[in-house]
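Structure first, then comments.
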Amino acid sequence: MVERGLVLEGGGLRGQYTAGVLDAFLDAGLLFPYVIGVSAGSSIGCSFISRQRGRNLEIIEKYRNDPRYLSWRNFLTTGSLFGMDFLFGEIPRSLVPFDFTTFEGSPSRFVTVCTDCGTGRAVYYEKDADHLLALRASAALPFLSRKVLFDGRELLDGAIADAIPLTRAVSEGYARNVVVLTRPAGYRKKEEAPFLARFVYGDRPALVTALGTLVARYNEQMELVEAEEERGSVLAIRPSRDLGISRTEKSVAKLRALYELGLEDGEKAAAGLAAEGLTAERPAAAAPVAE
Numbered sequence: 039m040v041e042r043g044l045v046l047e048g049g050g051l052r053g054q055y056t057a058g059v060l061d062a063f064l065d066a067g068l069l070f071p072y073v074i075g076v077s078a079g080s081s082i083g084c085s086f087i088s089r090q091r092g093r094n095l096e097i098i099e100k101y102r103n104d105p106r107y108l109s110w111r112n113f114l115t116t117g118s119l120f121g122m123d124f125l126f127g128e129i130p131r132s133l134v135p136f137d138f139t140t141f142e143g144s145p146s147r148f149v150t151v152c153t154d155c156g157t158g159r160a161v162y163y164e165k166d167a168d169h170l171l172a173l174r175a176s177a178a179l180p181f182l183s184r185k186v187l188f189d190g191r192e193l194l195d196g197a198i199a200d201a202i203p204l205t206r207a208v209s210e211g212y213a214r215n216v217v218v219l220t221r222p223a224g225y226r227k228k229e230e231a232p233f234l235a236r237f238v239y240g241d242r243p244a245l246v247t248a249l250g251t252l253v254a255r256y257n258e259q260m261e262l263v264e265a266e267e268e269r270g271s272v273l274a275i276r277p278s279r280d281l282g283i284s285r286t287e288k289s290v291a292k293l294r295a296l297y298e299l300g301l302e303d304g305e306k307a308a309a310g311l312a313a314e315g316l317t318a319e320r321p322a323a324a325a326p327v328a329e
């Protein structure tokens, strides 16, 4: 059996593509020994670890246009565009319950990437009983969210420090990896003006530096993924069509289409992965999804 790690990029609501891919993997009964996610990739990936097919889509279809989920009202009242208490409190604990027992008991390692505002470096958190706080920190977008206090640190979006943590997966012993991306082939970030980072985070110089080098490091990571894909050590799964979805997409219909594209692309990849011996269980039963 080939041991592959699973690396999940973030991307805000573009993560519905990842949700579709992972549901296709659940349908095929795939189980990875090591899963590492960033921001939305981690938030969505936790439902893969808890084996809850359809959960991420259900959340979007029920709550994307609820102002508690995402709104400028949230930003004005709490300092965060996304409703963090709603997303990481009410939803998993009552509205669309998260299976903490299966999550914590999974044989898979599950790692969430955050950025330490004091050092500008990535911090990697393994799954445990406090993992919702790590997920919350990893999803805290710079400029649009308050810093999250956890583990004695001020934390923000893991994508600032390590947007596509392939190198981390390799360093953990996984020379072969599946990397799920939320941008189409050939995508590169464009440089942004550094003034806002200095204005907002001037008291955290290491964070300002990390934000200033984010674009260059992201593009280098994308080049590494492409190079390893060519070598055969990486299976990269990315949107086969560009649906033009933003990270704060409002249209539930567009997000459903993105999910279905992920399901389609994931199904194509799953057969080959199952043949490698990653199938460790019967395929997951489909969870009911709100119409």
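For what it's worth, the numbering used here labels the leading residue of the sequence shown as 39, then goes sequentially.
Backbone N, C-alpha and C fix where the C-beta goes; we use that ideal spot for every residue, glycine too.
All figures in this text were calculated on a predicted structure; none of them were measured in a lab.
message: Taking a contact to mean a Cβ-Cβ separation below 7 Å, would you say G121 touches R106 in this structure?
response: Looking up residue 121 in the sequence shown gives position 83. Looking up residue 106 in the sequence shown gives position 68. Their beta carbons are under 7 Å apart, which means G121 touches R106 by this criterion.
query: Can you tell me whether DSSP reads I283 as helix, strand or coil?
result: Taking the first residue of the sequence shown as 1, we reach residue 283 at position 245. If DSSP states are grouped into helix, strand and coil, I283 belongs with coil.
- prompt: CB F136 to CB I87, shorter than 7 Å?
  reply: Position 98 of the sequence shown, counting from 1, holds the residue named residue 136. Position 49 of the sequence shown, counting from 1, holds the residue named residue 87. No, Cβ-Cβ distance for F136 and I87 is not below 7 Å.
message: Pop quiz: K228 and V253 are said to be a contact at Cβ under 8 Å. What is the actual Cβ separation, rounded to whole angstroms?
response: Position 190 of the sequence shown, counting from 1, holds the residue named residue 228. Position 215 of the sequence shown, counting from 1, holds the residue named residue 253. Rounded, the Cβ-Cβ distance is 7 Å, consistent with contact.
query: First and last residue of the beta strand (DSSP E) that includes F188?
result: Position 150 of the sequence shown, counted from the start, is the residue given in the question as residue 188. Where F188 is concerned, the enclosing beta strand (DSSP E) stretches over V186 to F188.
field: Segment contact flag, the region 298-315 with the region 276-285, C-beta cutoff 8 Å, min 3 pairs
entry: These segments touch.
query: Which first and last residues belong to the alpha helix (DSSP H) in which T220 is found?
result: Against the sequence shown, residue 220 aligns to sequence position 182. Segment: none, T220 is in no alpha helix (DSSP H) and carries neither H nor E.
field: alpha helix (DSSP H) segment containing I97, residue limits
entry: Counting from 1 along the sequence shown, the entry for residue 97 is found at position 59. DSSP places I97 in the uninterrupted alpha helix (DSSP H) bounded by R93 to Y101.
query: Where are the alpha helix (DSSP H) runs, 4 residues long or more, that stay fully inside the region 157-199, in chain order?
result: As far as the region 157-199 is concerned, its whole alpha helix (DSSP H) runs of at least 4 residues are 169-176.
A324 versus V218 - alpha carbon distance: Locating residue 324 in the sequence shown gives position 286, where the first residue counts as 1. Locating residue 218 in the sequence shown gives position 180, where the first residue counts as 1. Only weak support exists for where A324 lies, its pLDDT of 38 falling under 50; the coordinates are left without a value.
query: If you follow the beta strand (DSSP E) that I129 is part of, which residue opens it and which one closes it?
result: The sequence position of residue 129 within the sequence shown is 91, counting from 1. Following the DSSP letters along the chain, one finds I129 in no beta strand (DSSP E), marked with neither H nor E.
- request: Check whether the Cβ of G48 sits closer than 6 Å to any heavy atom of the ligand FAD, and report yes or no.
  value: Among the ligands in the structure shown, none appear at all, so the ligand FAD cannot be discussed.
field: Own chain partners of L108 with C-beta closer than 8 Å, once the 5 adjacent residues on each side are dropped
entry: Counted from its first residue, the sequence shown places residue 108 at position 70. Contacts found: R102, L119, F120, G121 and T286.
- request: Take the Cβ of G310 as the centre, count every other Cβ of all protein chains shown within 10 Å, and call the residue buried at 16 or more, exposed below.
  value: In the sequence shown, the residue the question calls residue 310 occupies position 272. With fewer than 16 other Cβ atoms within 10 Å, it is exposed.
Neighbour-count burial assignment, S132, 16 or more Cβ in a 10 Å radius: Along the sequence shown, one-based indexing puts residue 132 at 94. Classification for S132: exposed.
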